[in-house]
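Asks:
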Amino acid sequence: MRTSSMALVVAAIALSGTLSAAAQDTKPAPTTEQQQPVKAPKMVLSHDVIDFGEIDDSRIVSETITITNAGDAPLKIGEMVPTCGCTAGKLEKDVLQPGESTELQLNFDPKRRSGAQKGKHLTINSNDPAGPQQVTLKIWVLPRVVADPAVVSFGLVQQGDTKTVQVRVKGMTEDFEVLDASIDREDAFSVKIVGHDVVEREQPRTGETIKVGESLLEVTLHGGTRIGRIDANLNVTTNDESSSDLSYRVTAGIAGDIVFAPTRVSLGALVPGQSFSHTFQVFSQKGRPFQIKKAILVTSTLGKEDRDRIKVTYEPAPEDDDKGGYMVTISGAATDSMRIIQGNIVLLTDAKGQKVVRAPVTGVVRVSNPSAGK
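With the first letter of the sequence shown counted as 1, position 354 gets the number 353 in numbering that gives the first Met the number 0; the numbers rise by one all the way through.
Written out as structure tokens, the structure reads:
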């Protein structure tokens with residue numbers, strides 16, 4: 000009996016070992032797909048920093064870098080994104096097979112720039128799983144010719160007034176001078192070269208004081224210029240071969256002599272049936288006499304019937320009023336069909352250069368919703 004029991008135990012142990020071995024043998028074998036790495040492109044740049052050092056602002060500089068596909072799948076080079084319009088990438092080819100390379104040309108235009116150029120880089124996008132790469136540009140721009148002011152601004156000038164702004168143009172050598180100056184809006188401005196001198200100029204990077212030639216220009220705004228904003232270009236020719244032709248911006252705002260007080264009319268928030276009346280003054284800042292021939296409301300937000308309900312009238316200002324001119328009144332009553340009142344009160348006058356004078360007018364009519372209380 001004992002012999003039989005021992006035999007059963009031995010058999011059970013043997014069977015357990017066999018089943019365990021069988022279970023180990025049934026583990027799934029690694030697939031071929033898991034064993035092989037996924038092929039991918041890899042973009043490698045010959046260098047990611049370009050140091051142009053100190054350059055003057057008269058010429059475009061260029062540098063070339065090499066892009067190589069160090070991966071084992073085709074590299075597709077995508078969009079080149081510069082941080083500003085001063086850099087541009089010219090690529091020979093945009094698809095590289097494994098091991099293949101191409102040249103990328105980077106250009107920098109220093110025109111109208113000065114000093115250390117910070118944060119200038121070009122981002123190169125591609126299908127590299129590691130993501131885009133950046134090329135950083137380091138540049139210090141030395142302007143050979145400088146103008147003070149760099150922008151010739153006349154500010155706001157009343158129509159009929161003349162105004163002159165002086166512009167000093169300096170070079171980098173003692174013999175520098177402006178040879179010619181012109182302006183592309185001769186109907187509004189004129190320019191002349193007043194004289195030349197030798198003055199001191201600070202070298203922007205080293206701080207060293209150097210003697211340079213300076214030319215003095217005078218830009219004049221004509222008195223008969225039309226009302227509104229006027230922009231022009233001041234074109235300068237110098238004897239500096241590196242910066243022989245230069246251009247500077249000229250700007251002015253021309254205001255009419257006849258003005259409104261206040262400058263705009265607000266009717267506020269109205270409700271249907273509410274009457275309104277607002278009066279403002281129109282006068283000549285220089286005390287010149289003028290006459291109003293007609294006054295109307297011009298608006299595209301109202302229908303003809305609603306527009307005819309609004310009247311614009313005028314009468315001379317009181318004799319004891321220092322400003323003189325006219326008192327203009329806009330009056331009427333809001334209706335259910337009005338929503339937004341927006342337009343201009345237009346005055347037709349006999350004033351020289353201001354036959355038409357406009358004052359903005361705004362208002363809103365709030366119509367209650369009958370279903371709101373239900």
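Virtual Cβ for every residue (Gly too), placed ideally from N, Cα, C.
Do Thr67 and Ser100 have their C-beta atoms closer together than 8 Å?
Replies: The residue labelled residue 67 in the question sits at position 68 within the sequence shown. The residue labelled residue 100 in the question sits at position 101 within the sequence shown. Cβ distance < 8 Å, so Thr67 and Ser100 count as in contact.
Asks: Are the region 251-271 and the region 299-306 touching, with three or more C-beta to C-beta distances below 8 Å?
Replies: Verdict: no, contact absent.
Asks: Given a threshold of 16 other Cβ atoms within 10 Å of its Cβ, counted over all protein chains shown, does Gly252 qualify as buried or as exposed?
Replies: Taking the sequence shown and counting its residues from 1, the one referred to as residue 252 is at position 253. Exposed, since its Cβ has fewer than 16 Cβ neighbours within 10 Å.
Asks: Name the two residues that bound the continuous beta strand (DSSP E) containing Lys310.
Replies: In the sequence shown, residue 310 corresponds to position 311, counting from 1. Taken as a continuous stretch (DSSP letters only), the beta strand (DSSP E) holding Lys310 covers Lys310 to Pro315.
Asks: What does the alpha-carbon distance come out to for the pair Asn106 and Ser181?
Replies: What you label residue 106 is simply residue 107 of the sequence shown in a count that begins at 1. What you label residue 181 is simply residue 182 of the sequence shown in a count that begins at 1. Approximately 31 Å, taken between the alpha carbons.
Asks: Is Lys110 closer than 8 Å to Asp56 when the C-beta atoms are compared?
Replies: As a first step, residue 56 must be located in the sequence shown, where it is residue number 57. As a first step, residue 110 must be located in the sequence shown, where it is residue number 111. Contact: yes.
Asks: For my contact list, Ile291 and Thr361 are in at a C-beta cut-off of 8 Å; report their separation, rounded to the angstrom.
Replies: Here the question's residue 291 lines up with position 292 in the sequence shown. Here the question's residue 361 lines up with position 362 in the sequence shown. Not a contact, Cβ separation roughly 22 Å.
Asks: Please say whether Leu245 and Arg390 have beta carbons closer to each other than 8 Å?
Replies: No information on residue 390 is available, as it lies outside the stretch 0 to 373 that the chain covers here.
Asks: Quick check on Ala21: buried or exposed, where buried means 16 or more other Cβ atoms within 10 Å of its Cβ?
Replies: What you label residue 21 is simply residue 22 of the sequence shown in a count that begins at 1. Because Ala21 sits at a pLDDT of 48, beneath the cut-off of 50, its placement in the model cannot be relied upon, and the point is left open.
Asks: Would you report the Cα separation of Asp179 and Met79, rounded to the nearest angstrom?
Replies: For the purposes of this step, residue 179 is taken as residue 180 along the sequence shown, with counting starting at 1. For the purposes of this step, residue 79 is taken as residue 80 along the sequence shown, with counting starting at 1. Asp179 and Met79: Cα-Cα distance of roughly 41 Å.
Asks: Report the rounded CA-to-CA distance for Thr328 versus Glu185, giving the unit in angstroms.
Replies: Residue 328 sits at position 329 when you count from the first residue of the sequence shown. Residue 185 sits at position 186 when you count from the first residue of the sequence shown. Their backbone Cα atoms lie some 41 Å apart in a straight line.
Asks: From Pro271 to Asp335, what distance separates their C-alpha atoms?
Replies: Locating residue 271 in the sequence shown gives position 272, where the first residue counts as 1. Locating residue 335 in the sequence shown gives position 336, where the first residue counts as 1. The straight-line gap from Cα to Cα measures roughly 5 Å.
Asks: Quick check on Thr361: does DSSP put it in helix, strand or coil?
Replies: Here residue 361 refers to the residue found at position 362 of the sequence shown. If DSSP states are grouped into helix, strand and coil, Thr361 belongs with the strands.
Asks: With distances taken Cα to Cα, identify the nearest neighbour of Glu102 among Ile76, Ala115 and Val364.
Replies: The residue you call residue 102 lines up with position 103 of the sequence shown. Nearest of Ile76, Ala115 and Val364 to Glu102, Cα basis: Ile76.
Asks: From the DSSP output, read off the bridge partner residues of Leu301.
Replies: Start at 1 with the first residue of the sequence shown, and residue 301 comes out as number 302. Note: Leu301 sits in no beta bridge, so no partner.
Asks: Verify the contact flag: Ala260, CB atom, against every heavy atom of the ligand FMN, threshold strictly below 7 Å.
Replies: Here there are no bound small molecules, and the ligand FMN is not part of this structure.
Asks: One question on the structure: do Gln280 and Lys322 come within less than 8 Å of each other, judged by their Cβ atoms?
Replies: For the purposes of this step, residue 280 is taken as residue 281 along the sequence shown, with counting starting at 1. For the purposes of this step, residue 322 is taken as residue 323 along the sequence shown, with counting starting at 1. Closer than 8 Å, so yes.
Asks: Would you call the CB atoms of Leu74 and Ser125 closer than 8 Å?
Replies: As a first step, residue 74 is located in the sequence shown; it is residue number 75 there, counting from the start. As a first step, residue 125 is located in the sequence shown; it is residue number 126 there, counting from the start. Yes, the pair counts as a contact, with Cβ atoms nearer than the cut-off.
Asks: Could you tell me the boundaries of the beta strand (DSSP E) in which Met42 lies?
Replies: In the sequence shown, the residue the question calls residue 42 occupies position 43. Element bounds for Met42: Met42 to Leu44.
Asks: Between which two residues does the beta strand (DSSP E) harbouring Lys169 extend?
Replies: Residue numbering aside, residue 169 sits at position 170 when the sequence shown is read from its first letter. Unbroken beta strand (DSSP E) run through Lys169: Lys162 to Lys169.
Asks: Determine, for Phe175, whether the minimum Cβ-Cβ distance to residues of chain B falls below 8 Å.
Replies: The structure shown contains no chain B; it holds only a single protein chain.
Asks: Can you tell which of Asp50, Pro97, Gln133 and Lys92 has its C-alpha closest to the C-alpha of Asp115?
Replies: Locating residue 115 in the sequence shown gives position 116, where the first residue counts as 1. The residue you asked about is not Asp; residue 115 is Ala in the sequence shown. Ala115 has its Cα closest to that of Asp50, out of Asp50, Pro97, Gln133 and Lys92.
Asks: Of all the options Leu296, Leu269, Tyr325 and Val297, which has the alpha carbon lying nearest to the alpha carbon of Gly286?
Replies: The count along the sequence shown starts at 1 and reaches residue 286 at position 287. It is Tyr325.
Asks: Please state whether the Cβ-Cβ distance between Glu383 and Lys210 is less than 8 Å.
Replies: The question about residue 383 has no answer here: the residues shown for the chain are numbered 0 through 373.
Asks: Distance check for Val193 and Val177, CA to CA, integer angstroms please.
Replies: Against the sequence shown, residue 177 aligns to sequence position 178. Against the sequence shown, residue 193 aligns to sequence position 194. Roughly 10 Å between the two C-alpha positions.
Asks: To which residues of the same chain is Arg357 closer than 6 Å at the C-beta, ignoring the five residues directly before and after it?
Replies: Within the sequence shown, numbered from 1, the residue matching residue 357 stands at position 358. Cβ within range, chain order: Asn343 and Val345.
Asks: For Ser367, count the other beta carbons within 10 Å of its own beta carbon; 16 or more makes it buried, fewer makes it exposed. Which is it?
Replies: Working through the sequence shown from its first residue, we reach residue 367 at position 368. By the neighbour-count rule (16 or more Cβ atoms within 10 Å), Ser367 is not buried but exposed.
Asks: For the beta strand (DSSP E) that contains Gly52, what are its first and last residues?
Replies: In the sequence shown, residue 52 corresponds to position 53, counting from 1. It spans Val48 to Asp55 - the beta strand (DSSP E) in which Gly52 sits, taken as one unbroken run.
Asks: From the DSSP secondary-structure annotation, give me the bridge partner or partners of Ser189.
Replies: On the sequence shown, residue 189 is found 190 positions in, with the first residue counted as 1. Ser189 is bridged to Thr219.
Asks: With DSSP collapsed to three states, give me the class of Val355.
Replies: For the purposes of this step, residue 355 is identified with residue 356 of the sequence shown, where counting begins at 1. In the structure shown, Val355 sits in a strand (DSSP, three-state: E or B).
Asks: Cutting at 6 Å between CB atoms, please list the residues of its own chain near Pro81, excluding the five before and the five after it.
Replies: Locating residue 81 in the sequence shown gives position 82, counting from the first residue. Contacts found: Leu121.
Asks: With a threshold of 6 Å on Cβ separation, who are the neighbours of Leu7 within its own chain once the five nearest residues in sequence on each side are excluded?
Replies: The residue labelled residue 7 in the question sits at position 8 within the sequence shown. Low local confidence applies: a pLDDT of 48 at Leu7 is under 50, so the model's placement there is unreliable, and no value is given.
Asks: What residue does the beta strand (DSSP E) around Lys275 start on, and which one ends it?
Replies: Taking the first residue of the sequence shown as 1, we reach residue 275 at position 276. The sequence as given places Phe at residue 275; Lys does not occur at that position. Ser274 to Ser283 is the extent of the beta strand (DSSP E) around Phe275.
Asks: From Glu217 to Val156, what distance separates their C-alpha atoms?
Replies: Here residue 217 refers to the residue found at position 218 when the sequence shown is read from its first residue. Here residue 156 refers to the residue found at position 157 when the sequence shown is read from its first residue. Approximately 17 Å between the Cα atoms of the pair.
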